[in-house]
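In terms of my numbering, the sequence shown is numbered consecutively and its last residue is 1248.
We put the beta carbon where it would ideally sit given N, CA and C, even for glycine.
Structure first, commentary second.
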Amino acid sequence: MSKILKLTPRRNFLFGLGSLAAISAVAISRSFNNNQEKKALDNPERDFTVSQKLSLKQRAAQKGLIYGTASTKSYLASDPAYMAAIVENCSMFVPEWEFKWTAGDAMLRPGVDQFDFTAADWIANFAATHKLLLRGHTLVWHESLPQWFKETVNSENAQQLLQKHIQTVVKRYAGKIHSWDVVNEAIEPKDGRDDGLRITPWLESLGTNYIDLAFRLTAEADPKALLFYNDYGLDYDTPKHEAKRTAVLKLLERLKSNGTPIHGLGIQAHLSPGKNKFNPEKLRQFLQDVASLGLKIMITEMDVADQELPRDIELRDRIIAGAYEDYLSVVLEESAVIAVITWGLSDRYSWLSEFQPRSDKAAVRPLPFDAQMRRKLVWNAIARAFDNAQRR
Ligand code: G3I
């Protein structure tokens, strides 16, 4: 996910004054998060207490829901305590790197005719050993593509390349995968297309039908797996998020009317309180619109970027936990929502440390456990959201 400058209403207005003002607006608005606005994000009286000694997966299961997390072989294999916490708290697992074409120390696709399943098999075995539902993330994305891909793919060979990848990878794990993120982040309105599609090597080499093709190939290779379209930037009351929600809905409507074998939408939910305005009604309506297409919904990569939030840990943790509970209480009202997955279980291993660090160099605090594996208010917020959810 590329770094996005999220426009708040104040930045939006200032940007309308012209480029010079826009530059100064960015400078000004960087400090928009002044004390009274921070205070508005916080409620020192807010109650985050939880009852019963149940894990997150037990609380989710009581309501017919799934709670899961993402991680990697290299984190799990070197950190038994972290692995144990995932097994105790989660009933679903998503590989953060190993089922991509290439990411981190995992190289599923070393060459145009080569596959290296070492890391992916380790993940599949880990999930099976601990009876974790396994998500496949992700088959078709414009990021994490190996260098040879960019040097090789063209309109003549792209279909064969896509077909070989999906048939080889999906068939290998057929019957072991709960759901695949078949296509990831294919919508980008700022690329200027009427259909809102992101301009990617897949679109340029295969045309707009690459999405339908990817779903059909996956369904043929594993008829049991649920097939999802996954994307981010769908959460807030901003022009950018509104445009993205509209374009994603248009895509889903097109796929459904086309008979594409798609079962659900993955909403990544990389939240950023203090940068964007949360409007429960906007989110509720979007969820209802997706559900009205007969699609399931999963929250697939939830975390909270705290760059703009106060350094003070007690205050920051309250604001972050509040963002989780406010968001999940809206999301879990929608009966089509079947799972909540956080993008990591502990601050020790969040992508945000590297990709969205705080300017004051303080450690980020986006997830249910801190870097020392102590539960945080985020854990309580997720627990409360499950406890207050309707049973499915
Ligand atoms: O740690 C290695 C380093 O040793 C090596 O020298 C370097 C060389 O490339 O790679 C480093 O690993 C990087 C890893 O993050 C840890 O920093 C990988 O290159 C990099 O690809 C990896 O980025 C991942 C990113 O997706 C791209 O695959 C992130 O971990 C992962 O959290 C992120 O997850 C994405 C979802 O798949 C889709 N939605 C957005 C989400 C966040 O961007």
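Under DSSP, Ala1192 takes part in no beta bridge, so it has no partner.
Secondary structure note for Asp1159: its beta strand (DSSP E) is the uninterrupted segment Lys1152 to Val1160.
Judged by DSSP secondary structure, Ala937 falls within the alpha helix (DSSP H) whose first and last residues are Pro936 to Asn945. Shown here for Val1196: same chain residues with a beta carbon closer than 6 Å to its own, the five before and five after excluded, namely Tyr923 and Ile1155 in chain order.
The criterion of a C-beta distance shorter than 8 Å is not satisfied by Ala1030 and Met1229. Residue side-chain check: Gly960 places its Cβ nearer than 7 Å to a non-hydrogen atom of the ligand G3I. Between Leu1188 and Ile1153, the gap from beta carbon to beta carbon reaches 8 Å or more.
The three-state secondary structure of Arg1231, taken from DSSP, is strand. Closest by C-alpha distance to Leu995, out of Arg1221, Ile1022, Ala933 and Ser1215, is Ile1022. Judged by the Cβ position, Lys1006 fails to qualify as a neighbour of the ligand G3I at the 7 Å threshold, every heavy atom of the ligand being at least this far.
Taking 3 residues as the shortest admissible run, the segment 956-1032 contains the following complete beta strand (DSSP E) segments, listed from N- to C-terminal end: 989-996.
Closest option to Val1026, judged by alpha-carbon separation, among Asn1040, Pro1057, Phe982 and Asp1078: Asp1078. Here the alpha carbons of Ala933 and Arg915 stand approximately 27 Å from one another. Between the C-alpha atoms of Asp977 and Trp1199 there is a straight-line separation of about 21 Å. In this structure, the ligand G3I has no non-hydrogen atom nearer than 7 Å to the beta-carbon of Trp1058.
In the three-state scheme derived from DSSP, where H, G and I count as helix and E and B as strand, Ile1238 is classed as helix. Under DSSP, Asn899 shares a beta bridge with no residue. Ala1177 sits in a helix when the DSSP states are folded into three classes. Between the C-alpha atoms of His1034 and Ala1227 there is a straight-line separation of about 29 Å. A contact between stretches requires three or more CB pairs, one per stretch, nearer than 8 Å, and the segment 1130-1146 meets this requirement with the segment 1082-1093. With respect to Asp898, Leu1184 sits apart: the two C-beta atoms are not nearer than 8 Å. When the alpha-carbon of Thr1102 is set against those of Pro1117, Phe1142, Val1193 and Phe1071, the nearest one is in Phe1142. Under the DSSP assignment, Leu1149 falls outside any beta strand (DSSP E); it carries neither an H nor an E label. Using a 10 angstroms sphere on the CB of Gln908, the tally of other CB atoms stays under 16, which defines it as exposed.
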